Amino acid sequence: IYGINSALLIKLLPYVRIPGAPLKNYPATQKNKITIKDNIVKVELNSADTLQLRKVPGIGAKLAARTSNYRLALDGFYDLEQIKEVYNMPEISIEQFEKYFYIDKTKLSKLNLNTDSIIHLSRHPYLNWNQAKSIVNYRKVHGDYTNINQILMIKLIPDALFHKIAPYLTTSGLIDESP
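Going by this note's numbering, the first residue of the sequence shown is number 17, and it counts up by one from there.
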């Protein structure tokens with residue numbers, strides 16, 4: 017290492033982690049590892065950056081980027097189980113994610129059934145173009161939605177999809193509606 021004298025190197029060596037090197041060569045690292053493990057700070061998943069996502073064992077740079085991109089497409093996660101929907105996500109337990117993250121459901125962006133266009137609705141990963149078009153057509157024929165449950169009247173929206181998309185839906189910007 018250039019520019020570091022021997023005395024400073026000896027002080028810093030316990031904090032250096034070299035992949036593949038056994039921990040027994042650095043006795044202070046084992047002690048520090050326990051301290052770091054005990055001091056895990058949970059981060060709100062909908063505002064976590066890719067570096068924070070990479071703290072989870074098994075999540076590398078590409079998977080962190082995919083998770084971040086999927087979160088943007090969803091307009092936020094409402095449940096940690098949604099992590100499993102990220103393309104190529106390994107079998108990491110939800111308990112593992114719970115060690116590092118929590119979810120603030122108030123950070124979700126909502127799709128407004130009364131004002132959003134077909135294009136905007138169809139950009140959500142849970143809705144396709146035909147479903148979005150049916151939502152808008154129903155609105156045109158029957159008037160504004162008064163409750164998000166009304167989309168169950170649309171044949172292209174099965175119950176399973178409704179329960180998946182419901183946390184992202186609203187009929188106004190003022191009221192938080194629950195299914």
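Glycine included, every Cβ here is placed at the ideal spot set by N, Cα and C.
For clarity, every value in this text was computed on a predicted model and none was experimentally measured.
DSSP bridge partner residues for residue i (one or two, in chain order)
i      : result
THR186 : ASN128
GLU60  : TYR118
Distance between residue j and residue i (C-alpha atoms, nearest Å)
i      : j      : result
PHE178 : SER133 : 18 Å
GLY159 : LYS121 : 29 Å
GLU107 : THR83  : 14 Å
VAL32  : LEU129 : 53 Å
LEU185 : LYS71  : 31 Å
PRO141 : ILE75  : 22 Å
ILE167 : SER188 : 15 Å
Span of the alpha helix (DSSP H), counted from its first residue to its last, around residue i
i      : result
TYR154 : 145-158
THR66  : 66-69
ARG82  : 77-90
ASP175 : 175-181
HIS136 : 134-138
Under 8 Å between C-beta atoms of residue i and residue j
i      : j      : result
LYS58  : PHE117 : yes
ALA89  : THR66  : no
ILE170 : SER150 : yes
TYR94  : ILE119 : yes
GLU101 : TYR86  : yes
PRO183 : LEU124 : yes
LEU12  : ASN146 : In the structure as shown, the chain starts at 17 and stops at 195, and residue 12 therefore has no counterpart that could be examined.
Exposed unless 16 or more other CB atoms sit within 10 angstroms - verdict on residue i
i      : result
ALA176 : exposed
PRO35  : exposed
THR131 : exposed
LEU127 : buried
ASN163 : exposed
LEU61  : buried
TYR161 : buried
ALA64  : buried
ILE99  : buried
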